[in-house]
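Each remark here refers to the structure printed beneath this line.
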Amino acid sequence: MTTRSLLTLGLLASTAFAAPNWAATSTTTVTKTKTTTEHETKTKTTTVHETKTKTETETKTTTLKPTVTVTGSCSASAPLSSSTSVSSTSSASTSASSSASSATSSPSSVTSATATTSSTTNTNPTITKTATDVPTATASGLNVAAKNAGKRWLGTAADIPGTGEGADPYYLAEFSNANEFGEATPANTMKFFATEPQQNVFNFTGGDYFVQQAKASGKEIRCHNLIWANQLSDWVTSPAVPWTNATLTAALRNHVTKVIEHFGDDCYSWDVVNEPLSDSPAGAWAANVWYNTIGEEYFFQAFDAATQAVKANNLAVKLYVNDYNIEYLGNKSIATQGLVKELKSRGLQIDGVGLESHFIAGETPAKADQVANMQAFTALDVDVVVTELDVRLDLPATAASESQQKLDYYNTVAACVSVARCVGVVVWDFVDTYSWIPSTFPGQGYGDLFLQPGGANTPLVKKEAYDGVLEALEGLAEIAA
Ligand code: XIL
């Protein structure tokens, strides 16, 4: 059980709840392995220099990330393009050198049959990883690479407006880079507390601003979320008059209906019910005000209201159930598959399952397990999306834990790439400065793709994790951590 699971359990009420019967006979198996390569031979030295020797049979256009010194402008992480040819007899040839003292960057030349990537990797990246990053053959951004891999987008959660990131020019420049992010998920602004602060009094100011910001750079929006245990308004959790099944059902349906109506087709999808299931026992219904008052029918009422709102407004918006600890084939995933089947058998709209994927470095499911799990969902004729990917570490990060983290990012993204109905991957924000992790999991952090060595409102630097995502999107085999 992850720290997050324990934390969430701690938040749950002690009310008894019954496991949905479709979870009754399943077993939980989580295999944690490291990826081995099939088509590449790579050797890795663990300290200053890395050497990759590749044998591939493909041609690709790549971009080499420049060496950067983090004292300049927000273009510190801008890539440079070059072209790399890979034939069946000669190997990818990518040579790039980085120097911590280098203030500018130069594209690598493609000169030999041996791919050599040299980098300066400090053993204490949280403190001194300020000027260099691991050079990697790249496309012009994660979203571009995701599209090239047949995915709809590579996206990110963002907590704007009204937050530090919403006022950080370096953050916003990267967020607005359509080559990096083709999707955006509002981390908070569309949640219940924000959209219906008083009963039947709606406030869409923050959500509308988010939509405007996301659409300004052509992003699709995974709207998040309609019904959840957390971040509710006081009038829901502390009602003046105790709820009955009928009054709370009416309130639930009204919220779902009005919010879907308001945002309409600005939403690519809605997470209709967030985190409906528990970890203890895994796959049982989670206790919350909805379940405790209405019982499991609350879940189907939410989807029924959503289905009707989509139809009544002639929308194309897709409806998802979203949860964590369903990224591998355990009881909770199997129970979620049961929910999908039940929704379908009731004729309700269910288009996809969101796999949150809040992982801990070194404790993530193996790529093969994630693929098998995704396929178990897609076999039910629904899509999957990796909706909230981050990989946290025990602080301080070390060179070893950062390498592990890169591999973990790689495995999840590679799993999505290899499953046709995995629509895309969304990271749960992209700069450590603004990550939800440190405040939620004390002692852990360093979970995102970028850092700001100078703190808020200073240039971003790509981490190894970024390269892991890009390498997965480009179909490159990963070096074992
Ligand atoms: C988190 C936000 O990132 C935080 O800013 C907020 O304080 C709490 O919620 N699973 C979800 C997301 O589905 O809505 C949560 O977002 C992270 C866990």
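For reference, each letter of the sequence shown is one residue, going -18 to -1, 1 to 463 in mature numbering (1 follows the signal peptide of the UniProt record, and there is no 0). The C-beta atom is built at its ideal place from N, Cα and C for all residues, glycine as well. Note that the coordinates shown come from a computational prediction; the quantities given were computed from them, not determined experimentally.
- Our two residues, residue 294 and residue 251, have alpha carbons roughly 16 Å apart in a direct line.
- Residue pairing from DSSP places residue 404 in a beta bridge opposite 366.
- In the three-state reduction of the DSSP assignment, residue 205 falls in the strand class.
- Set against 7 Å, the gap from the CB of residue 244 to the closest heavy atom of the ligand XIL is not smaller.
- Remark: the shortest separation between the CB of residue 284 and any heavy atom of the ligand XIL does not fall under 7 Å.
- Secondary structure remark: continuous beta strand (DSSP E) runs of at least 3 residues inside the region 245 to 332, in chain order: 251 to 256, 259 to 261, 264 to 267 and 300 to 305.
- Residue side-chain check: residue 217 keeps its Cβ at 7 Å or more from all non-hydrogen atoms of the ligand XIL.
- Contact check for residue 133 and residue 398: beta-carbon distance about 7 Å, within the 8 Å limit, so the pair qualifies.
- Within its own chain, the residues whose Cβ lies closer than 6 Å to the Cβ of residue 163, once the five positions on either side in sequence are excluded, are 125, 137 and 138, listed in chain order.
- Sequence-distant partners of residue 411 (beyond 5 residues in either direction) whose C-beta falls short of 8 Å from its own C-beta, in its chain, are 138, 139, 140, 141, 147, 169, 372, 417, 418 and 430.
- CA-to-CA, the gap between residue 182 and residue 215 works out to about 11 Å.
- At least one heavy atom of the ligand XIL lies closer than 7 Å to the C-beta of residue 206.
- For the alpha helix (DSSP H) assignment, the uninterrupted runs of no fewer than 4 residues enclosed by the region 409 to 450 are, from N- to C-terminal side, 419 to 422.
- The DSSP assignment places complete alpha helix (DSSP H) segments of no fewer than 4 residues inside the region 152 to 211 at 174 to 177 and 187 to 198, in order along the chain.
- Distances between the C-beta of residue 156 and the heavy atoms of the ligand XIL are all 7 Å or more.
- Taking non-hydrogen atoms of the ligand XIL into account, the C-beta of residue 438 is found less than 7 Å away from none of them.
- In this structure residue 330 does not touch residue 360 by the C-beta definition: roughly 19 Å separates them, more than the 8 Å allowed.
- Between residue 305 and residue 257, the C-beta gap is smaller than 8 Å, which places the two residues in contact.
- Scanning its chain for C-beta atoms nearer than 6 Å, with the 5 sequence neighbours on each side dropped, one finds around residue 405 the residues 134, 365 and 367, in chain order.
- Checking the DSSP bridge columns, you'll see residue 336 partnered with 304 and 367.
- A direct Cα-to-Cα measurement between residue 207 and residue 174 gives close to 8 Å.
- Taking 7 Å as the cut-off, the C-beta of residue 370 counts as close to a heavy atom of the ligand XIL.
- Taking C-beta atoms under 8 Å as the contact rule, residue 299 and residue 249 qualify, at a distance of about 5 Å.
- As DSSP reads the structure, residue 135 sits in a beta bridge with 406.
- With contact defined as three or more Cβ pairs closer than 8 Å, the region 311 to 318 and the region 379 to 387 are not in contact.
- Residues of the same chain with a CB within less than 6 Å of the CB of residue 448, apart from the 5 flanking positions on each side, are 431 in chain order.
- Annotation for residue 220: no alpha helix (DSSP H) segment contains it, and DSSP assigns it neither H nor E.
- Under the DSSP assignment, residue 384 falls in the alpha helix (DSSP H) whose first and last residues are 381 to 399.
- Proximity to residue 358 across 312, 453 and 130 peaks at 312, based on C-alpha coordinates.
- The shortest C-alpha to C-alpha distance from residue 335 to any of 370, 347, 460 and 159 is the one to 370.
- Secondary structure at residue 454: helix, using DSSP grouped into helix, strand and coil.
- By the neighbour-count definition (other C-beta atoms within 10 Å, threshold 16), residue 286 is a buried residue.
- At least one heavy atom of the ligand XIL is found less than 7 Å from the C-beta of residue 169.
- When distances are taken from the beta-carbon of residue 426 to the heavy atoms of the ligand XIL, even the shortest one reaches 7 Å or more.
- Less than 8 Å divides the Cβ of residue 426 from the Cβ of residue 376.
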